[in-house]
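Student: Please see the structure below; I have some questions.
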Amino acid sequence: MSIRHDRECVRCSGIGTAGAVGLGLVAGVAAAAGVLVGRKATTSARLGKGHPLKHRMLDVASGALQRKVPLEAMSTYLNGFHMYADEMGRQVEASHFCIHLEPDLHQCVIFDSNRPDARLIGIEYIISEARFRALPEEEKRLCHSHHYEVKSGLLVAPGIPEMAEHAYFEDLVTTYGKTFHTWQYDRDDFPYGVPQLMMGFTDDDQADPELVAARDRRLGISSAERRRQRGDIATPVVAPGANSWESGRAVQITLEERPFKR
Numbered sequence: 013m014s015i016r017h018d019r020e021c022v023r024c025s026g027i028g029t030a031g032a033v034g035l036g037l038v039a040g041v042a043a044a045a046g047v048l049v050g051r052k053a054t055t056s057a058r059l060g061k062g063h064p065l066k067h068r069m070l071d072v073a074s075g076a077l078q079r080k081v082p083l084e085a086m087s088t089y090l091n092g093f094h095m096y097a098d099e100m101g102r103q104v105e106a107s108h109f110c111i112h113l114e115p116d117l118h119q120c121v122i123f124d125s126n127r128p129d130a131r132l133i134g135i136e137y138i139i140s141e142a143r144f145r146a147l148p149e150e151e152k153r154l155c156h157s158h159h160y161e162v163k164s165g166l167l168v169a170p171g172i173p174e175m176a177e178h179a180y181f182e183d184l185v186t187t188y189g190k191t192f193h194t195w196q197y198d199r200d201d202f203p204y205g206v207p208q209l210m211m212g213f214t215d216d217d218q219a220d221p222e223l224v225a226a227r228d229r230r231l232g233i234s235s236a237e238r239r240r241q242r243g244d245i246a247t248p249v250v251a252p253g254a255n256s257w258e259s260g261r262a263v264q265i266t267l268e269e270r271p272f273k274r
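As structure tokens, then:
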């Protein structure tokens with residue numbers, strides 16, 4: 013049989029008559045929505061390489077017809093770096109997509125890039141200094157300050173005007189973050205293992221300069237210039253309890269077996 017027959021024959025493709033009818037409806041709806049020739053269709057086709065036809069068609073249709081309200085509310089894109097809470101040498105770039113949920117709370121999903129095929133690698137909750145100071149001591153050990161990330165220019169908001177970015181970071185410089193990565197993409201090609209607690213840098217000579225330089229080139233920015241522009245932002249006094257790794261002792265998540273409770 014021909015390759016075309018193998019791909020298009022309902023029986024050989026394993027879709028079945030009912031499935032083929034369903035796909036026809038999906039394709040019709042998607043086409044009516046104008047996505048088969050648009051940007052979403054192009055993205056879906058690229059991401060769907062190797063996926064069964066049914067999956068590709070459903071992805072295109074859902075992309076056109078379903079609203080993702082929580083995702084639409086993610087108004088801010090931040091790019092920075094994290095290190096594993098127990099190992100400074102393991103550093104990764106992190107693209108944050110955040111919503112200012114409450115006056116003293118941002119919530120962010122984190123990807124390894126800002127591309128259509130980006131891998132979801134973690135989450136971060138960003139809180140105000142007042143809320144951080146009110147936390148129990150054990151909870152504070154999970155948090156890192158943002159004072160150095162902001163002042164050093166390592167944390168950036170790509171694509172927005174300098175004045176707007178400056179105003180945003182004037183507020184963010186006093187905040188604290190609790191970050192967990194669910195995909196150790198610096199090591200594994202799949203999200204193996206338990207989530208890992210991550211931390212931020214607090215001084216010069218900690219971040220890998222090659223990692224930073226590669227990020228700057230790709231985004232067309234200069235961390236050094238951002239640092240200069242933020243020179244007038246006051247450096248806050250870091251609240252006790254944050255950046256616990258600086259004490260020489262770190263906390264990290266491990267797998268623990270426990271009796272099952274009925």
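The numbering used here numbers the first residue of the sequence shown as 13 and each following residue consecutively.
Note that CB positions come from ideal geometry on N, CA and C, so glycine has one too.
What you are looking at is a predicted structure, and each value in this text was computed from that prediction instead of being measured.
(1) Per DSSP, G92 is paired with what?
(2) Based on Cα-Cα distance, which residue from E149, L65, P173, S140 lies nearest to S157?
(3) Between the alpha carbons of Y8 and G189, how many angstroms are there, rounded?
(4) By Cβ distance, which residues of its chain are closer than 8 Å to A142, with the 5 residues on each side in sequence left out?
(5) Might you give, ordered along the chain, the residues of its own chain that have their beta carbon closer than 7 Å to the beta carbon of E161, omitting 5 neighbours on each side?
(6) Using CA coordinates, which residue listed in A254, P221, R240, D244 is at the minimum distance from G101?
(7) Measure the alpha-carbon distance for Q78 versus I172 and round it to whole angstroms.
(8) Nearest to T266 by alpha carbon, out of D201, P207, D216?
(9) Q264 to V121, Cα distance in whole Å?
(10) Between the C-alpha atoms of V49 and R68, what's the straight-line distance to the nearest angstrom?
(11) Assuming Q241 and H178 form a contact by the criterion Cβ under 8 Å, report the distance between their Cβ atoms to the nearest whole angstrom.
(12) Provide the residue(s) that pair with E136 in DSSP beta bridges, ordered along the chain.
(13) Starting from the Cα of S256, find the closest Cα among L147, R229, C155, I135 and give me that residue.
(14) Return the chain-ordered list of same chain residues with a C-beta closer than 8 Å to the C-beta of R145, the five sequence neighbours on each side being excluded.
(15) With L209 as the anchor, note down where its alpha helix (DSSP H) starts and where it stops.
(16) Quick check on this structure: which residue in R274, F272, V81, Y89 has the alpha carbon closest to the alpha carbon of Y180?
(17) Does S235 pass the burial test, meaning 16 or more other C-beta atoms within 10 Å, or should it be called exposed?
(18) Can you tell me where the alpha helix (DSSP H) holding S74 begins and where it ends?
(19) How close, in whole Å, do the beta carbons of Q8 and L231 come, if the pair is a contact with beta carbons under 8 Å?
(20) What are the boundary residues of the alpha helix (DSSP H) that includes S164?
(21) Straight-line CA distance for R239 to H94?
(22) Distance check for A106 and L132, CA to CA, integer angstroms please.
(23) Rounded to whole angstroms, what is the Cα-Cα separation between E185 and L70?
(24) Could you check which residue in K66, D129, G253, H108 has the C-alpha nearest to that of K152?
Tutor: According to the structure shown:
(1) Counting from 1 along the sequence shown, the entry for residue 92 is found at position 80. G92 pairs with A106.
(2) Position 145 of the sequence shown holds residue 157. The residue among E149, L65, P173, S140 with its C-alpha nearest the C-alpha of S157 is S140.
(3) Examination of residue 8 is not possible in this model, given that the chain is present from 13 through 274 alone.
(4) Counted from its first residue, the sequence shown places residue 142 at position 130. Close CB contacts of A142 within its chain, under the 8 Å cut and outside five residues either way in sequence, are with D116 (chain order).
(5) Taking the first residue of the sequence shown as 1, we reach residue 161 at position 149. Answer for E161: G92, L167, G212, F213, listed in chain order.
(6) For the purposes of this step, residue 101 is identified with residue 89 of the sequence shown, where counting begins at 1. Closest option to G101, Cα to Cα, is P221.
(7) Against the sequence shown, residue 78 aligns to sequence position 66. Against the sequence shown, residue 172 aligns to sequence position 160. Those two C-alpha atoms are separated by around 28 Å.
(8) Walking along the sequence shown from the start, residue 266 turns up at place 254. Cα-wise, what sits closest to T266 is P207.
(9) Here residue 264 refers to the residue found at position 252 when the sequence shown is read from its first residue. Here residue 121 refers to the residue found at position 109 when the sequence shown is read from its first residue. Cα-Cα distance, rounded: 20 Å.
(10) As a position in the sequence shown, residue 49 is number 37, starting the count at 1. As a position in the sequence shown, residue 68 is number 56, starting the count at 1. Interpretation of V49 is limited by its pLDDT of 38, a score under 50 that renders its predicted location unreliable; the figure taken from the coordinates is listed afterwards. One C-alpha to the other measures close to 14 Å.
(11) Position 229 of the sequence shown, counted from the start, is the residue given in the question as residue 241. Position 166 of the sequence shown, counted from the start, is the residue given in the question as residue 178. Confirmed, about 7 Å.
(12) Residue 136 sits at position 124 when you count from the first residue of the sequence shown. DSSP, once it has assigned bridges, lists C120, T191 as partnering E136.
(13) For the purposes of this step, residue 256 is identified with residue 244 of the sequence shown, where counting begins at 1. Scanning L147, R229, C155, I135 for the CA closest to the CA of S256 turns up C155.
(14) The residue you call residue 145 lines up with position 133 of the sequence shown. Here the set comprises A251.
(15) Within the sequence shown, residue 209 is the residue found at index 197, counting from 1. L209 -> not in any alpha helix (DSSP H); beta strand (DSSP E) instead, spanning 208-211.
(16) Within the sequence shown, the letter at position 168 stands for residue 180. Distance check between Y180 and each of R274, F272, V81, Y89 places Y89 closest, using alpha-carbon atoms only.
(17) As a working note, residue 235 is residue 223 in the sequence shown. Label assigned to S235: buried.
(18) Walking along the sequence shown from the start, residue 74 turns up at place 62. 65-77 is the extent of the alpha helix (DSSP H) around S74.
(19) Given a span of 13 to 274 for the chain in the structure shown, any question on residue 8 remains unanswerable.
(20) Against the sequence shown, residue 164 aligns to sequence position 152. Membership of S164 in the alpha helix (DSSP H) is indicated by the continuous run 159-164.
(21) As a position in the sequence shown, residue 239 is number 227, starting the count at 1. As a position in the sequence shown, residue 94 is number 82, starting the count at 1. Our two residues, R239 and H94, have alpha carbons roughly 18 Å apart in a direct line.
(22) Within the sequence shown, numbered from 1, the residue matching residue 132 stands at position 120. Within the sequence shown, numbered from 1, the residue matching residue 106 stands at position 94. Roughly 10 Å separates the two Cα atoms.
(23) Against the sequence shown, residue 185 aligns to sequence position 173. Against the sequence shown, residue 70 aligns to sequence position 58. Residue identity differs from the one stated: residue 185 is Val in this sequence, not Glu. C-alpha separation (whole angstroms): 43 Å.
(24) For the purposes of this step, residue 152 is taken as residue 140 along the sequence shown, with counting starting at 1. Out of K66, D129, G253, H108, G253 has the C-alpha closest to the C-alpha of K152.
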